Amino acid sequence: MKRIVIITTGGTIAMVKGDQGVIPYEKGNLLISEIPLLKKVGIKIDLIEFSNIPSPHMKPSDMWALSQKIDEILKDDNVIGVVVTHGTDTLEETSYLLDLTLKSEKPVVCTAAMRNIGELGTDGPRNVYSSVLTVLSPQASEMGVMVCLNDEIHAAREVTKTYTSNVATFDSPGYGPLGIVDEDNVIFFRKSLTREKILVDKIEERVALIKTFTGDDGKLLKYAKEIGYKGIVLEGFGRGNVPPSVADVVEEIVEEGIPVVITSRCFKGRIYPVYAYHGGGADLRKKGAIMSEHPIGQKAKIKLMVVMGKTRKLDEIRRYFEPNISRRPILYEG
């Protein structure tokens, strides 16, 4: 019998409000299988509880174990796809790691809730139902891992959480949704051309994400290296620029063979080595830093963890992050 598997990991979708605030509910994941709308889809649905934790508790090792679990499940010819329920805080990280590492091209849709089980207008049941409908869509295959909330379908690589509390929190700035769920209809508008697969046997968990700031002297960046991080994603300004002292530390770290990937605090556009002044993106690249074309830091961190599971060679890592950066960019001194 053909079936869909829902894998639960916890999050607000499996929480209730206690005396001190919202907390995980011991039966929260199990309630997902009792959503009345799921009985309408006409296909067998199995529920597997992977974990029941808030998403800030999700570690890279958990994400990697989840990826392996999903690939194992999708080997079954009777399983047509998987829905993953997750907390919203780190959903974009988990979904992107799955997108990069899953071997199967069967549909995988991640979903969540901004309102807990007992809250007025809880969005969890509808999000799960819409995600199941998305898996059932004939167009869902080879779309990559998707994120479906608020009846919008987004690509895992492109989506990010934009609002602390609103149910319409997930957006894909600069890209837009892949499609929508309208009543019982799944409508795709486009297909992402930027997704990629990086199949690995392991990941490197010791990757830091550091955000620079005005007046940054580089000590925090240097400390990340000193305490044992094997790779660093540095979130700079604009096109990928940092204060001069930070640039000097970047050069020191790269000389020790540790990759430093540059992103931006801007969430739209792309990183590019335009500025050649001390600390500019072109200067950083000359010093050995790697430009991440995707500007969002948490995405670059996930990608670097995966890439470093495949290679530690800086030139090879660079090829994964700089596929479209010209070897001879236009440089500006100021």
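Oh and the sequence shown: position 48 is 1463 in our numbering, straight run, nothing missing.
C-beta atoms are modelled at their ideal positions from N, C-alpha and C, and glycine is treated no differently.
Keep in mind that this is a model prediction, so the values were computed, not measured.
Distance between beta carbons of residue j and residue i, contact taken as under 8 Å
| i | j | result |
| --- | --- | --- |
| G1443 | I1532 | 6 Å |
| V1523 | L1513 | 6 Å |
| P1475 | M1720 | 6 Å |
| T1549 | R1572 | 17 Å between Cβ atoms; not a contact. |
| K1683 | P1592 | Not really, about 15 Å apart at Cβ, beyond 8 Å. |
| V1676 | A1715 | 5 Å |
| E1507 | V1574 | 6 Å |
| S1546 | C1563 | 4 Å |
| Y1590 | T1584 | Actually they are not in contact, since the Cβ atoms of Y1590 and T1584 sit about 16 Å apart, beyond 8 Å. |
| L1517 | S1470 | The pair is not a contact, with the Cβ atoms about 19 Å apart (cut-off 8 Å). |
Test item: CB-CB of residue i and residue j under 9 Å
| i | j | result |
| --- | --- | --- |
| G1646 | R1680 | no |
| Y1687 | R1733 | no |
| P1674 | L1636 | no |
| T1423 | N1467 | yes |
| K1640 | E1671 | yes |
| D1631 | S1660 | yes |
| K1718 | I1613 | yes |
| D1486 | I1419 | no |
| V1500 | I1438 | The sequence shown places Thr at residue 1500, rather than the Val named in the question. The answer is no: Cβ separation not under 9 Å. |
| M1529 | T1509 | no |
| L1551 | I1428 | no |
| V1648 | I1625 | yes |
| K1417 | I1488 | no |
Through-space distance from residue j to residue i, alpha-carbon basis
| i | j | result |
| --- | --- | --- |
| V1431 | T1526 | 18 Å |
| P1744 | V1456 | With a pLDDT of 49 at P1744, under the threshold of 50, the modelled position of this residue cannot be trusted, and the question is left open. |
| K1490 | I1463 | 16 Å |
| A1623 | V1543 | 32 Å |
| Y1511 | G1559 | 9 Å |
| D1663 | K1701 | 12 Å |
| I1447 | P1540 | 7 Å |
| D1586 | D1566 | 12 Å |
| M1723 | G1536 | 43 Å |
| P1658 | T1627 | 8 Å |
| F1736 | V1601 | 33 Å |
| T1629 | G1703 | 22 Å |
| H1472 | P1553 | 34 Å |
| E1708 | G1433 | 43 Å |
| I1595 | I1568 | 6 Å |
Three-state class that DSSP yields for residue i in the structure shown
| i | result |
| --- | --- |
| S1466 | coil |
| V1736 | According to the sequence displayed, residue 1736 carries Phe and not Val. Helix at F1736. |
| T1423 | strand |
| R1758 | This structure leaves residue 1758 out entirely; the chain is present only between 1416 and 1749. |
| L1614 | coil |
| K1626 | strand |
| I1447 | helix |
| P1540 | helix |
| P1439 | strand |
| K1725 | coil |
| R1605 | coil |
| D1477 | helix |
| D1698 | helix |
| I1495 | strand |
| K1490 | coil |
| M1416 | coil |
Problem - Those runs of the beta strand (DSSP E) which lie wholly inside the stretch 1543-1597 and span at least 3 residues - result: 1561-1564, 1567-1570, 1594-1597
Problem - 4-residue-minimum alpha helix (DSSP H) runs that sit fully inside the stretch 1497-1529, ordered along the chain - result: 1506-1516
Practice task
Report the residue ranges of all alpha helix (DSSP H) runs contained in full by the stretch 1632-1681; include only those spanning at least 4 residues, in chain order.
Solution key: 1634-1641, 1659-1670
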